[in-house]
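Structure, as structure tokens:
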Amino acid sequence: VLGARGAPGAGGFEGSPGALREGYEHFDPRAYLRNNYLPPRADFSSEEFVVPWKLRCLAETFASGEIRGRTLIDVGSGPTIYQLLSACDHFEEIVATDYLAVDPLSLSPWILDWSHPHIPVGLIPSPHACLD
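Counting along the sequence shown from 1, when you hit position 120 you're at 120 in the working numbering, and nothing is skipped either side.
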């Protein structure tokens, strides 16, 4: 069972490698984002929901200064960058990778237009951190 993407089936992909491949071939990043990163699952007004919790944990982890280096490689980034925001001040280079070509393509509109999501200021580093 592969549950990270929350694709077909309640627990993710189940069954044979062929079923796994089939599920990924039809993966829809927009549906994934809609189902996992919009209210009610991503209610930024509440500290009890998973997305604000993830952002807070990542911000606290990187703010400790214990994790830093030249290059951070995020394997399986998916169609999101929230997991990288707090790392920007602590690494010279961040490489986001994914198994699916469609996921990085879904990120390309953000390169020039950062107006899409609004994340509470206390959960991310300074705005300039990831724009260098």
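Yeah, the Cβ is synthetic: ideal placement off N, Cα and C, and Gly gets one too.
Residue i - containing beta strand (DSSP E), residue span
| i | result |
| --- | --- |
| GLY69 | 69-74 |
| GLU93 | 91-96 |
Residues near residue i in its chain [Cβ-Cβ closer than 8 Å; skip 5 each side]
| i | result |
| --- | --- |
| GLU25 | none |
| SER46 | PRO52 |
| SER126 | Bear in mind that the predicted position of SER126 carries a pLDDT of just 45, short of 50, making it too unreliable to give a figure here. |
| ARG41 | ASN35, PHE49, VAL50 and VAL51 |
Bounding residues of the alpha helix (DSSP H) (the contiguous stretch that carries residue i)
| i | result |
| --- | --- |
| ASP28 | Run containing ASP28: none; DSSP gives neither H nor E here. |
| ARG56 | 50-63 |
| PRO104 | 102-107 |
| LEU167 | Outside the shown range of the chain (1 to 132) lies residue 167, about which nothing can therefore be said. |
Option nearest residue i by Cα separation, candidates the options
| i | options | result |
| --- | --- | --- |
| ILE207 | LEU55, GLY69 and SER108 | Residue 207 is absent from the structure shown; the chain starts at 1 and stops at 132. |
| GLU66 | PHE91, ALA19 and PHE49 | PHE91 |
| ALA87 | GLY78, ARG21, TYR99 and THR71 | THR71 |
| TYR99 | LEU55, PRO79 and ASN36 | PRO79 |
| ILE81 | ALA63, ALA19, ASP28 and LEU107 | LEU107 |
For residue j and residue i, believed in contact at Cβ under 8 Å, the rounded distance
| i | j | result |
| --- | --- | --- |
| THR97 | VAL75 | 5 Å |
Nonlocal neighbours in the same chain, by C-beta distance under 6 Å from residue i, ignoring five residues either side
| i | result |
| --- | --- |
| ILE73 | VAL95 |
Three or more C-beta pairs below 8 Å linking the segment 21-37 and the segment 93-110: Yes, the segment 21-37 is in contact with the segment 93-110.
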